[in-house]
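Those protein sequence lines, which keep their order, are chains H and B.
Going by the numbering used here, the first sequence opens with residue -5, and the numbers climb by one from there.
Going by the numbering used here, the second sequence opens with residue 94, and the numbers climb by one from there.
Even for Gly, the Cβ is constructed at its ideal location relative to N, Cα and C.
For reference, the structure discussed in these notes is given below.
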Amino acid sequence: METPLTQHISASRPPLNLRDYEQVGGYQALRKVLKSMNPSEVTKTVQESDLKGRGGAGFNTGMKWSFVPMNDGEMTKYLIANADEMEPGTFKDRLLLEGNPHQLLEGMIISAFAIQANISYIFLRWAYKKAARLVRHAMDEAYAAGYLGRNILDSGYNLEMYLHTGVGRYICGEETALLNALEGKRATPRTKPPFPQVSGLFGKPTIVNNVETLCNIPHIVNNGADWFKGLSPGSDAGTKLYGVSGRVNNPGLWELPMGTTMRELIEGRAGGMKEGYKFRGALPGGASTDFLVDQHFDIKMDFKSVAAAGSRLGTGTMIVLDDRTCPVGFVHNLEHFFAQESCGWCTPCREGLPWTEKILLSLERGEGRPEDLKLLALHTQFLGPGNTFCALAPGAMEPLQSALKYFREDFERHINEKKCPWAKDHGTH
Amino acid sequence: MFWQISIGENVQVRLLFVLNMLTAEEITEIDHEIALVPIRRAACIEALKIVQQHRGWISDESLRAIAEYMQMSPEELDSVATFYNLVFRKPVGRNIILLCDSITCYVMGYEKLYEHLKAKLRISFGETTADGRFTLLPNACLGTCDHAPALMINNELYRNVTREDLDGILDGYK
Ligand SMILES: Cc1cc2nc3c(=O)[nH]c(=O)nc-3n(C[C@H](O)[C@H](O)[C@H](O)COP(=O)(O)O)c2cc1C
Ligand code: SF4
Ligand code: FES
């Protein structure tokens, strides 16, 4: 089984420096691109590989690039790596950043070339201190070796790269909010259209891609679109970094073919539930995805199959709910996060999330009323898709609406028993 | 900013005023950031970070000094400063504890760590110990959920933290 993204990453070795990276074939894809490909060929190859964005939405990467205007002469354009990873339950980009930073840099340089951008940014989460150190060092090495800067490898192509570390806010990961943050503004999202591909950073054409997405690019260029498709037996191409956290025996992160089943992830890789705990459900790809439950154990974890099961692949890092954790408390924790991180622009999100959080808290305290469940259900509609400027609010409703469906009895018990049945297992709220 | 000082104002006010100008070092660092962006104000978050790095937090006086230098109104800069979690508009302790309160750490029992910290340091989230040694803040997912529960102190990440570990960890920070 091939694991292109993580083949050189291991806990027992230090991260690859430039020399290590070159020794395992690093920057060969960039050489190939600059020597023998034009920008549209790169975009076409990526589009044909069917690489879909790993930041959560799953849009075809090459297609996204193809919306960038290409015949404007010397126009300023930007390529941005989204390394803001802050979706609760998600810890995949950290591994790529800390394990093999040059892989990301090479992916970025090739991607920037494909859209003919001359300026690139890595928007890195503040908390990733080690990654910041390693990425900065890798950038210095790449500049010194002529992979960045003016006239890269004598090709005439120029690219500057900057590292921007954020100052903490989940919404900065939303791509248009990220652009505002880079412009020194409050990180509220922007209305679309115009899309960033046409009018992004400082009003110029801009591509924002997730770290994992970009790390795939050198491998696709080296090995071709068909190879990439062949990595997975299912309907989505490539490999995926899958993670499992919660009360399982072996929580962790693994690169596996796209479309690996939930059973393989939880029972195989994660070693099943810890002694004394039973599986009740899981959010398949971070906090803003719908619960999957027992009946979904054999579905393939790819974009299409997870959507067919009523959820989203999201970031591919799964959070497990066990039988000794209160589902209402679990969802309360999520809604607390979303309420706190709302940028406050749209009324349904700004007002609805704190309200949702308060209702859930009153249920947890045994103060819930039967009509509260209806109120919660109403919120999942008010804050649903189409009512807000960005996907934060609809995402926040995904775990709630599915919890109301799969764990309804547990919600009702809180109301009927006038207390949280799990209170002794958890601290006070 | 000199127009703010009316004749007859006492000397202490003047002194305070001078102290809260940007230092030469801060200005050099901010200028470096300004040179990298096409619009001056685009560097304002970097400017806030730089001044906070030097002074620990962003006081009203610091905010005004940065705003003037960035050619923004203080209100405009404050609207940016208050948006971000890690721009401190209140004084903080010498060491900052960021305890992850997100979902996997909730499942794995961060609340027990919080109870322990509250009892030991006698502060809740958002507060600073009387001796100025620690500020305790909740933080969203630290991106290390396979090793939950997790916390950071200053630049250091601690994973799989147990209540028993906490005392030893805290001892390392004076
Ligand atoms: C609230 C919110 C937070 C997001 N956070 C991130 C993030 O931290 N990292 C990321 O890559 N994408 C994040 N996204 C998705 C981005 O908006 C964008 O779709 C993605 O970076 C595009 O990259 P991709 O096409 O390579 O997936 C977030 C979206 C929303 C609505
Ligand atoms: S949905 Fe929420 S986070 Fe997104 S733009 Fe509206 S208020 Fe801001
Ligand atoms: S939820 Fe605490 S580190 Fe992710």
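Using a Cβ-Cβ cut-off of 9 Å, I132 of chain B counts as an interface residue toward chain H, since at least one Cβ of chain H sits closer than that to its own. According to DSSP, C193 of chain B shares a beta bridge with B:N232. For the region 278 to 303 of chain H, the set of residues with a beta-carbon nearer than 7 Å to any beta-carbon of chain B comprises A281, in chain order. Taking a contact to require three or more Cβ pairs closer than 8 Å, the region 183 to 202 of chain H and the region 193 to 203 of chain B do not qualify as touching. As summarised for the region 104 to 176 of chain H, the continuous beta strand (DSSP E) elements at least 3 residues long and confined to that stretch are 113 to 118, 154 to 159, given in chain order. Exclusion of the five residues before and after P364 of chain H leaves I409 as the residues of its chain whose Cβ lies within less than 7 Å of its Cβ. Chain B has no Cβ within less than 9 Å of the Cβ of K26 of chain H. A straight line joining the alpha-carbon of T207 of chain H with that of G228 of chain H spans about 18 Å. The beta carbon of R25 of chain H sits closer than 8 Å to the beta carbons of L147 from its chain, once the five residues preceding and following it are set aside; these are given in chain order. Contact note: S217 of chain B does not reach chain H at a C-beta cutoff of 8 Å; the least C-beta distance is about 12 Å.
The CB of F176 of chain B comes closer than 7 Å to the CB of R163, R180, A181 in chain H, given here in chain order. Relative to A397 of chain H, the option among H:P415, H:D284, H:T350, H:M312 whose CA is nearest is H:D284.
The Cβ neighbour count for N188 of chain B, taken over all protein chains shown within 10 Å, is at least 16; the residue is labelled buried. Assignment of alpha helix (DSSP H) within the region 332 to 380 of chain H, counting only whole runs of 4 or more residues, yields 341 to 358, 365 to 376 in chain order. Residue contact check for D316 of chain H against chain B: a CB pair falls below 9 Å.
Here L286 of chain H is not near K234 of chain H, since their CB atoms are 9 Å or more apart. Close to N327 of chain H, with beta-carbon spacing below 8 Å, are these residues of chain B in chain order: D194, S195, I196, Y199. Chain order gives no chain H residues near T255 of chain B, where near means a beta carbon separation below 7 Å; the closest approach is about 15 Å. Buried is the label assigned to Q145 of chain B, since at least 16 other Cβ atoms lie within 10 Å of its Cβ. By the C-beta criterion, the region 346 to 354 of chain H is judged not to be in contact with the region 207 to 219 of chain B, since fewer than 3 inter-stretch pairs fall below 8 Å. Per the Cβ contact rule, the region 236 to 245 of chain H is in contact with the region 307 to 316 of chain H (3 or more Cβ pairs under 8 Å). One finds R180 in chain H with Cβ atoms closer than 8 Å to the Cβ of S172 of chain B, taken in chain order. With respect to the 9 Å criterion, A158 of chain B and L115 of chain B are classified as neighbours on the basis of their beta carbons. With a threshold of 16 other beta carbon atoms within 10 Å, L173 of chain H meets it and is buried. Between W416 of chain H and G323 of chain H, the C-beta gap is smaller than 9 Å, which places the two residues in contact.
Under the three-state reduction of DSSP output, I260 of chain H falls in the helix class. With a threshold of 9 Å between beta carbons, A23 of chain H makes no contact with chain B. Per DSSP, the continuous beta strand (DSSP E) segment holding K234 of chain H begins and ends at 233 to 239.
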